[in-house]
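Protein chains in written order, with the working numbering: chain A, 237 to 446; chain B, 352 to 844.
Everything below concerns the one structure shown next.
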């Protein structure tokens with residue numbers, strides 16, 4: 237199988253905005269995150285590494301739909317950086333499209349663990365009654381890295397969230413870049429950057445994970 | 352329009368017609384009579400530190416380019432081209448010396464003056480047909496700045512911002528002037544909630560009663576040193592000028608110990624001691640109260656709290672958020688939530704304070720998540736006919752005859768201006784809604800119109816009382832620098 241289609245991300249042309257893998261490094265709390273980057277083009281869809289990464293993402297999406305957050309937390313590396321920048325509308329050529337020094341999520345394992353612990357109390361009212369969630373996953377692209385036990389995986393996610401009976405549901409559309417690390421305990425998420433497609437979020441809160 | 356006098360009368364005695372949290376007619380009145388005159392927050396000077404920096408902010412539907420011109424003057428231009436009414440700036444933020452309308456190419460300097468009018472001579476016969484000289488984007492009717500906070504008012508005759516804020520400035524300084532450099536503001540996170548805008552403003556102004564119930568979960572997960580959310584009743588609520596807020600009671604100790612208790616490093620404590628007044632320091636050091644949430648009428652709020660930001664430590668980190676409840680309709684609000692931090696704070700403190708903010712407030716904040724759930728639900732329930740039969744009791748802290756359950760703190764017990772009470776109460780919610788009732792009763796004057804291209808700046812009266820009315824030192828300096836440029840220079844280029 238040949239791969240005639242060039243990979244846009246590794247194109248040498250100057251990027252109009254910050255490349256996705258640099259957001260973590262430039263964020264306020266991402267300094268100690270792993271800096272492993274992608275190399276080369278997408279792996280063939282038949283590549284076992286792509287199949288493993290795809291399976292991992294689909295399984296993870298199921299855990300997030302089911303709000304099985306304790307199990308989800310176990311999939312995160314201890315040094316995880318979980319980032320969702322705030323997107324802003326800027327002129328073409330401004331060179332940035334995220335709010336400087338601000339994010340929706342800029343998390344480490346501690347802050348994520350507190351969020352999960354809160355959902356497990358009996359007093360997290362925003363999820364009692366719980367939302368109905370569906371993470372629709374697509375456009376999975378897997379890249380090798382310079383380190384054999386690390387993969388970069390891009391994906392698109394469309395979250396539908398519905399609460400109560402008569403309220404309209406709400407959507408979040410986002411692209412994600414994940415750094416997956418193979419450990420003795422299976423693949424772990426070591427870094428995630430979520431590029432949401434809204435500037436003004438249309439969901440009452442982000443008591444969800446992407 | 353129905354007669355609202357009975358609604359206003361009920362509100363004034365602390366009985367709230369439940370439908371006022373989801374009522375189209377009242378919203379139309381608010382649009383005209385609350386937001387047609389109030390000072391509304393649009394941004395902070397630290398968001399536009401350099402000449403040409405701008406952010407685009409709204410007051411209801413009205414979009415303003417809030418920018419710093421080449422002379423350093425902060426301005427708010429109505430974001431509408433003088434020709435066909437197109438939005439001249441379609442980005443949220445950036446840096447520009449000029450704004451060019453994409454429709455026909457009219458362009459404006461960042462001080463608002465028109466600089467480019469394609470085919471001026473061919474199309475209009477030059478100045479004889481269209482007086483380009485002196486034309487500028489319509490300025491906000493009034494603009495004022497306090498501690499770098501930029502406000503606009505739709506009323507050209509609005510009272511000075513300083514007078515409008517009144518004694519609340521005493522409390523505003525705790526959030527925005529911990530050192531002589533003031534704050535830097537980051538964000539905002541923006542999101543829309545199906546809730547009426549007044550609910551958030553009331554909640555932040557004085558609802559210390561909701562904390563033990565709504566926010567049980569954040570205490571349960573060990574985010575706070577204090578084991579019980581019930582601690583709130585030992586704090587006080589205060590109202591002063593056009594705003595009010597809540598406080599926590601601090602454990603015993605002197606000023607330094609108490610500020611360090613909430614997580615301020617000694618160098619920040621030292622700067623606060625240089626910057627804040629003796630009475631501002633006494634409220635903390637002698638009276639033992641630390642500011643928490645607050646609101647300025649109508650729709651600006653603040654919060655200050657100090658959670659743990661790491662495992663296996665008792666160390667807490669304070670954060671400050673500034674937010675606005677921007678009305679979209681009677682049942683929808685856009686929340687704008689900023690993170691604020693003292694500009695002179697150590698970088699490590701800034702980073703951890705930001706972490707504390709993200710964990711607690713904003714689009715992902717664990718406090719905010721449960722607040723919004725309640726407010727959406729309340730708004731939803733207030734829409735129907737049954738809500739019109741219900742007068743909610745907002746008289747907490749008062750006996751039926753108006754006697755206070757707990758008397759106000761004496762000047763010796765509380766060194767801040769205004770009136771303060773400990774214990775559970777809804778004093779501040781009543782203060783806020785009383786101002787709302789006062790505004791709703793008073794029609795606003797018809798606005799002056801500006802005729803584009805003919806009259807010499809019909810709006811010049813607003814201009815003089817507007818953007819060039821400083822209320823703090825920074826703006827005053829900027830205006831001095833700007834004064835020599837005048838209105839006419841360069842307008843004919």
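Note that beta-carbon positions come from the ideal geometry of N, C-alpha and C, so glycine has one too.
These numbers come from a predicted model, not from an experiment.
Under the Cβ distance rule, residue 442 of chain B counts among the residues neighbouring chain A, one pair being separated by less than 9 angstroms. In this structure the segment 654-666 of chain B does not lie against the segment 503-522 of chain B, because fewer than three pairs of beta carbons, one per stretch, are closer than 8 angstroms. One thing to note: residue 392 of chain B has its Cβ no nearer than 9 angstroms to the Cβ of residue 491 of chain B. Between the C-alpha atoms of residue 672 of chain B and residue 389 of chain A there is a straight-line separation of about 35 angstroms. Exclusion of the five residues before and after residue 467 of chain B leaves 458 as the residues of its chain whose Cβ lies within less than 6 angstroms of its Cβ. Runs of the alpha helix (DSSP H) lying entirely within the segment 292-346 of chain A, each at least 4 residues long, are 305-310 in chain order. One Cα belongs to residue 750 of chain B, the other to residue 774 of chain B, and the distance between them is close to 14 angstroms.
When DSSP states are grouped into helix, strand and coil, residue 380 of chain A belongs to the strand group. Secondary structure remark: continuous beta strand (DSSP E) runs of at least 3 residues inside the segment 674-748 of chain B, in chain order: 683-693 and 742-744. Put simply, the CB of residue 253 of chain A is far from chain B, with every gap to its CB atoms at 9 angstroms or more.
Between residue 699 of chain B and residue 532 of chain B, the C-beta spacing is not below 9 angstroms. A direct Cα-to-Cα measurement between residue 634 of chain B and residue 577 of chain B gives close to 21 angstroms. The beta carbon of residue 313 of chain A lies closer than 7 angstroms to those of 417, 424, 425 and 426 in the same chain, with the five residues before and after it left out.
Per DSSP, reduced to three states, the secondary structure at residue 445 of chain A is coil, with no helix or strand assignment. Closest by C-alpha distance to residue 758 of chain B, out of B:743, B:741, B:776 and B:744, is B:776.
Annotation: the continuous alpha helix (DSSP H) that includes residue 635 of chain B extends over 629-636.
The beta-bridge partner set that DSSP reports for residue 425 of chain B consists of B:419.
If you draw a straight line from the Cα of residue 637 of chain B to the Cα of residue 665 of chain B, it comes to about 24 angstroms. Contact holds between the segment 557-570 of chain B and the segment 712-726 of chain B, because three or more Cβ pairs, one in each stretch, are under 8 angstroms apart. Under the criterion of beta carbons closer than 8 angstroms, residue 435 of chain B and residue 464 of chain B do not qualify as touching, at roughly 19 angstroms. With a 10 Å radius around the Cβ and a threshold of 16 neighbouring Cβ atoms, residue 267 of chain A comes out exposed. Taking a C-beta distance under 9 angstroms as the contact criterion, residue 612 of chain B and residue 623 of chain B do not qualify as a contact pair. A distance below 9 angstroms separates the beta carbons of residue 386 of chain A and residue 272 of chain A. With respect to the 9 angstroms criterion, residue 676 of chain B and residue 650 of chain B are classified as neighbours on the basis of their beta carbons.
Using a 10 angstroms sphere on the CB of residue 461 of chain B, the tally of other CB atoms reaches 16 or more, which defines it as buried. The alpha-carbon of residue 668 of chain B is positioned some 13 angstroms away from that of residue 693 of chain B. Two segments are said to touch when three or more pairs of C-beta atoms, one from each, lie closer than 8 angstroms; by this definition the segment 751-771 of chain B touches the segment 584-600 of chain B. Taking 9 angstroms as the threshold, the shortest C-beta distance from residue 709 of chain B to chain A falls below it. Assignment of residue 514 of chain B by DSSP, reduced to helix, strand and coil, places it in the helix class. Judged by DSSP secondary structure, residue 411 of chain A falls outside any alpha helix (DSSP H) and instead within the beta strand (DSSP E) spanning 406-419. Put simply, the segment 370-379 of chain A touches the segment 284-304 of chain A. At least three CB pairs are less than 8 angstroms apart.
CA-CA distance, residue 658 of chain B to residue 710 of chain B, rounds to 9 angstroms. Around the beta carbon of residue 730 of chain B, 16 or more other beta carbons sit within 10 angstroms, so the residue counts as buried. Residue environment for residue 744 of chain B: exposed (fewer than 16 other C-beta atoms within 10 angstroms of its C-beta).
Interface flag for residue 343 of chain A against chain B is set, since a Cβ pair is found closer than 9 angstroms.
Residue pairing from DSSP places residue 395 of chain B in a beta bridge opposite B:500.
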